[in-house]
Structures are given as C-alpha cells and as structure tokens.
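Worksheet: one structure, shown below.
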Amino acid sequence: MIKDNNGQISVEYLLIFAISIAILIVFTLPLTEHVIVDAFDVSDSLDVKNDLEKITHAIEKVYGEGQGSKQTVNMISPNKVKVYLTNRHIYCNLKLKSGLYKYIDEYCESNLVTNSITLNKGENTLVVEWPENSENMIIYKKNR
4 MIKDNNGQIS VEYLLIFAIS IAILIVFTLP LTEHVIVDAF DVSDSLDVKN DLEKITHAIE
64 KVYGEGQGSK QTVNMISPNK VKVYLTNRHI YCNLKLKSGL YKYIDEYCES NLVTNSITLN
124 KGENTLVVEW PENSENMIIY KKNR
C-alpha cells in the first residue's frame with residue numbers, strides 16, 4: 004500500500020502562506036500610514052502655498068494700479084491657518100497632520116501695514132484695497 008501525504012503537505016503550505024501574509028501585513032500597514040500622512044501633508048502645503056500666491060497676485064496688482072484700486076480674492080482653504088502680512092512678505096506656519104509645522108513664505112512688494120488674517124477652513128473672500136488719499140494698502144476678509 005502506498006502512503007499519501009498530499010493532504011498534510013497542502014495544509015502546511017496553507018499555514019506557511021497564511022503566516023507569511025500576516026507578517027507582511029504587520030510590517031507594511033504602519034509604513035502605509037506614514038506614506039498617507041506624508042501625502043496629505045504635501046497636499047495641504049501646496050494648497051496653502053497656492054492660496055498665498057493668489058493673495059500675493061492680488062496685492063501686487065493693487066500695488067501696481069495705485070490708489071483707488073481694489074481686488075477681491077476667493078479661495079477655498081483646506082485648513083484654518085493664520086496668515087501674516089508685511090510690506091515684503093506673506094507667510095504662515097502650517098500645522099501638518101504629522102504634528103510638525105511648515106513655514107510657507109511668499110515675497111511680494113507692497114505698502115501693506117504689518118498685520119495678520121485668519122483663513123477659515125472652507126470658503127474665504129479677501130479684499131485687497133488701496134483707498135484714495137491713503138499711504139497704505141489694506142486687506143480684510145469679506146463676510147458672506
């Protein structure tokens with residue numbers, strides 16, 4: 004009589020395969036989480052940089068047109084962020100999902116008085132204006 008061990012070999016292969024898959028999952032899931040968080044951080048940073056560029060273009064346009072000019076900027080912000088404005092720079096410290104902060108800076112030539120504006124998560128409308136007979140430009144949030 005011939006002894007048949009095919010059933011035992013199949014069970015051993017299934018057991019080895021299951022253990023290999025479990026080990027693979029244990030090591031790859033934490034790495035995947037870090038990759039996803041990093042991807043969201045990059046996306047949020049680029050969104051905020053894009054918002055700062057929109058504000059910069061509006062400021063430079065009003066500065067170039069002179070007194071009496073006005074520009075409105077509509078944007079959708081992914082996070083609540085405080086934007087600081089000076090006569091040479093617009094910048095913010097964005098808190099990332101990883102817990103770190105990213106400094107984002109845009110250069111722009113203007114005569115703005117140093118102040119700050121908080122962009123709320125979601126839709127924001129900013130108005131950049133250089134009033135008649137005024138030395139300085141102003142920027143403010145428009146309420147909807």
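Numbering-wise, the working numbering comes out as the position in the sequence shown, counting from 1, plus 3. Yeah, the Cβ is synthetic: ideal placement off N, Cα and C, and Gly gets one too. Owing to the predicted nature of the structure, the values given are computational and were not obtained by experimental measurement.
For residue i, does the count of other Cβ atoms within 10 angstroms reach 16, so buried, or fall short, so exposed?
i	result
S119	exposed
A61	buried
V45	exposed
L122	buried
I39	exposed
D47	buried
I142	buried
I28	exposed
L97	buried
Does DSSP put residue i in a helix, a strand or coil?
i	result
V29	helix
V14	helix
S23	helix
Y143	strand
E132	strand
From residue i to residue j, what distance separates their C-alpha atoms?
i	j	result
E138	K73	15 Å
S113	K100	33 Å
D41	L129	30 Å
N90	L34	43 Å
K220	L18	Past the boundaries of the shown model lies residue 220; the chain is included only from 4 to 147, so the question cannot be answered.
L115	I93	10 Å
Task: Runs of beta strand (DSSP E) wholly within the stretch 36-103 (minimum 3 residues, chain order) - done: 73-80, 84-88 and 92-98
- [ ] Decide yes or no for the touch test of the stretch 127-138 against the stretch 63-70: beta carbon pairs closer than 8 Å, at least 3 of them.
- [x] yes
Task: Stretch-stretch touch, CB-based, cutoff 8 Å, three pairs: the stretch 23-32 with the stretch 76-88 - done: no
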